[in-house]
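For what it's worth, the UniProt record's numbering labels the leading residue of the sequence shown as 1, then goes sequentially.
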Amino acid sequence: MTVESSPETRLELPRQSSLGTAAARNLATTTKSAPQMQEISSRWLLRMLPWVETQGGAYRVNRRLSYTVGDGTVEFVQDGADVRVIPRELGELALLRGFDDVEVLTALADRCVQHDFRAGETLVERGTPADALHLVAHGRIGQTSLGSYGEEVVLDVLADGDRFGENVLLDEDARWEQTATAETSGTLLTLSRADFAAVLSAAPGLRSHLDAFSSLSHQRQNHRGEAEIAMSAGHVGEHELPGAFVDYELKPREYELSVAQTILRIHTRVADLYNGPMNQTEEQLRLTIEALRERQEHELINNREFGLLHNADFKQRIQPHSGPPTPDDMDELLCRRRGSKFFLAHPRTIAAIGREFNARGLYPDHVDLGGQQVPAWRGVPILPCNKIPVTKEKTSSILVMRTGEESQGVVGLRQTGLPDEYEPGLSVRFMGIDEQAITSYLVSTYYSAAILVPDAVGVLENVQIARWPK
1 MTVESSPETR LELPRQSSLG TAAARNLATT TKSAPQMQEI SSRWLLRMLP WVETQGGAYR
61 VNRRLSYTVG DGTVEFVQDG ADVRVIPREL GELALLRGFD DVEVLTALAD RCVQHDFRAG
121 ETLVERGTPA DALHLVAHGR IGQTSLGSYG EEVVLDVLAD GDRFGENVLL DEDARWEQTA
181 TAETSGTLLT LSRADFAAVL SAAPGLRSHL DAFSSLSHQR QNHRGEAEIA MSAGHVGEHE
241 LPGAFVDYEL KPREYELSVA QTILRIHTRV ADLYNGPMNQ TEEQLRLTIE ALRERQEHEL
301 INNREFGLLH NADFKQRIQP HSGPPTPDDM DELLCRRRGS KFFLAHPRTI AAIGREFNAR
361 GLYPDHVDLG GQQVPAWRGV PILPCNKIPV TKEKTSSILV MRTGEESQGV VGLRQTGLPD
421 EYEPGLSVRF MGIDEQAITS YLVSTYYSAA ILVPDAVGVL ENVQIARWPK
């Protein structure tokens with residue numbers, strides 16, 4: 001049975017007295033933004049590097065001949081809890097640099113004894129006899145000694161791949177000049193002087209190599225390890241002046257330009273019919289170039305061939321004294337080079353720097369950089385770069401660098417005047433239209449970076465960025 005609604009209960013819909021907004025939008029023009037892209041970052045490194053024109057696709061870095069040898073880190077292999085040094089990696093030691101007898105190096109590696117240490121353990125004591133070389137396979141070790149006024153001073157912090165006691169292998173009267181204390185748990189491999197002597201007695205080739213090394217060590221050097229230029233100063237009268245010449249490296253390093261490329265594809269129907277109010281080809285190309293520039297900066301930081309993190313000199317890599325980035329660590333970075341232009345750090349690392357500074361009542365200054373205020377320490381800007389890796393243990397690195405050819409710093413490399421060049425060092429080349437009516441463009445950018453002298457780049461490694469000061 002159907003119940004009829006009474007006039008009193010029937011709902012009346014309001015009458016529409018004007019055009020609704022939904023219908024009106026059919027006649028309205030929509031205001032649109034250009035395509036947005038989250039990947040775009042500030043790319044300070046690309047902006048701050050001076051770019052050098054690199055004709056022929058290669059850049060040769062000529063340096064004075066240097067007698068400094070064996071300044072690399074030592075690598076190991078791990079089999080469960082057992083750790084072994086790679087025999088050829090012993091060639092990173094100064095007295096074994098250039099020695100390539102694998103059989104002898106293997107004999108030395110086999111005599112390295114593993115020692116697992118714990119945090120707080122004293123590994124060597126200042127003033128005691130030194131009779132072994134210690135290779136740091138894993139962990140952090142602090143080296144301390146007495147200062148001029150009897151106080152304990154920190155000399156260095158060693159980490160994976162470092163070593164100490166190399167000179168004791170040839171010096172029977174050697175004594176430890178510092179105390180080495182483990183700051184974390186870790187592993188050492190130890191080569192005693194007796195074991196080294198046993199291998200040496202059965203290897204005449206090693207004896208000849210050490211004799212040549214001893215004669216090389218008597219060559220006069222400056223404080224940077226370069227062959228010294230003989231000269232005289234402060235003399236009077238007809239003093240006989242020494243003769244000199246500046247010797248160069250015989251095999252200077254060459255940096256070849258790297259490339260980042262992609263093929264941009266656009267359907268001709270899209271390019272013909274949907275170009276208003278924005279040009280589809282230009283917008284596609286703009287975002288593609290942004291992505292290439294992001295990749296370019298990533299490579300300049302992380303590429304194993306020329307990236308700054310992998311090519312920084314081992315003597316310019318330091319460890320934080322307590323984990324987080326403190327003002328003392330930042331000063332340690334600055335004091336190792338002249339004319340530092342800027343720090344480069346991950347944004348999360350910069351936040352950790354601010355926390356440590358604030359905990360000490362310090363507030364970094366700000367400097368104007370291209371009309372933008374950025375934080376600075378000692379007048380050196382601290383710039384963000386999200387391409388610097390952050391490990392799963394929440395550690396990262398801080399770079400500081402000097403730039404420019406005149407300052408013997410870091411330079412970016414590129415070649416301009418390319419065919420179909422769209423931007424300096426970047427070309428966009430038309431590749432044709434295929435049978436599906438798709439237009440293709442080859443987008444290429446060529447780049448690299450060169451460190452002209454070793455102290456142009458410094459790295460503060462293993463910085464803790466997730467620790468909050470109390």
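Note that the Cβ used here is the ideal one computed from N, Cα and C, for glycine as well.
With 16 as the cutoff for other CB atoms within 10 Å, does residue i come out buried or exposed?
i	result
residue 408	buried
residue 381	buried
residue 335	exposed
residue 128	exposed
residue 468	exposed
residue 252	exposed
residue 29	exposed
residue 255	buried
residue 104	buried
residue 403	buried
residue 40	exposed
residue 263	exposed
residue 218	Caution applies to residue 218, whose pLDDT of 49 falls short of 50 and renders its modelled position unreliable; the model cannot decide the point.
residue 191	buried
residue 77	exposed
residue 165	buried
residue 149	exposed
residue 130	buried
residue 329	buried
Nearest-angstrom Cα distance between residue i and residue j?
i	j	result
residue 351	residue 180	32 Å
residue 327	residue 362	9 Å
residue 279	residue 257	32 Å
residue 420	residue 428	6 Å
residue 394	residue 310	19 Å
residue 108	residue 115	16 Å
residue 37	residue 283	11 Å
residue 322	residue 113	29 Å
residue 83	residue 163	15 Å
residue 198	residue 111	10 Å
residue 147	residue 463	27 Å
residue 102	residue 193	20 Å
residue 446	residue 52	12 Å
residue 138	residue 367	39 Å
residue 260	residue 312	23 Å
residue 158	residue 418	47 Å
residue 358	residue 315	30 Å
residue 73	residue 160	8 Å
residue 301	residue 27	51 Å
residue 423	residue 396	33 Å
residue 140	residue 182	6 Å
residue 71	residue 177	Any reading at residue 71 must be qualified, since the residue scores a pLDDT of 45, below 50, and its modelled position is unreliable; no value is offered.
residue 449	residue 431	29 Å
residue 360	residue 119	26 Å
residue 174	residue 43	51 Å
residue 265	residue 386	29 Å
residue 144	residue 59	42 Å
residue 23	residue 14	18 Å
residue 154	residue 320	12 Å
residue 69	residue 92	Model confidence at residue 69 stands at a pLDDT of 40, short of 50, so the residue's coordinates are unreliable; what they give is reported in the following sentence. Roughly 8 Å between the two C-alpha positions.
residue 19	residue 31	21 Å
residue 275	residue 414	33 Å
residue 271	residue 426	22 Å
residue 172	residue 203	20 Å
Nearest to residue i by alpha carbon, out of the options?
i	options	result
residue 340	346, 348, 292 and 331	331
residue 277	203, 317 and 33	33
residue 406	364, 338, 439 and 465	338
residue 465	370, 346 and 414	346
residue 96	440, 213, 184 and 296	213
residue 411	48, 35 and 209	48
residue 211	329, 94 and 85	94
residue 269	156, 379 and 437	437
residue 443	348, 292 and 378	292
Pull up the CB-CB distance for residue i and residue j, whole angstroms please, since I reckon it's below 8 Å.
i	j	result
residue 135	residue 200	Residue 135 to residue 200, Cβ: 18 Å. No contact.
residue 401	residue 306	Their Cβ separation, rounded to whole angstroms, is 14 Å, which puts residue 401 and residue 306 out of contact at 8 Å.
residue 460	residue 388	Incorrect: roughly 11 Å between the Cβ atoms, too far for contact.
residue 290	residue 325	Incorrect: roughly 30 Å between the Cβ atoms, too far for contact.
residue 344	residue 383	6 Å
residue 133	residue 169	6 Å
* To do: Could you tell me which uninterrupted beta strand (DSSP E) segments, each at least 3 residues in length, are contained entirely in the UniProt domain "Cyclic nucleotide-binding" (101-200), listed from first to last along the chain?
  => 113-117, 122-124, 132-138, 141-146, 152-158, 179-182 and 186-192
* To do: Please specify which runs of the beta strand (DSSP E), each continuous and at least 3 residues long, are wholly inside the region 334-375, giving them in chain order.
  => 342-345 and 365-369
* Whole alpha helix (DSSP H) elements within the region 19-86, 4-residue minimum -> 21-24 and 44-48
* **Runs of alpha helix (DSSP H) lying entirely within the region 258-343, each at least 4 residues, in chain order** => 268-273, 280-302, 308-311 and 327-335
* **Sequence ranges, beta strand (DSSP E) only - wholly within the region 384-448, length at least 3** => 395-401, 410-414, 421-423 and 426-433
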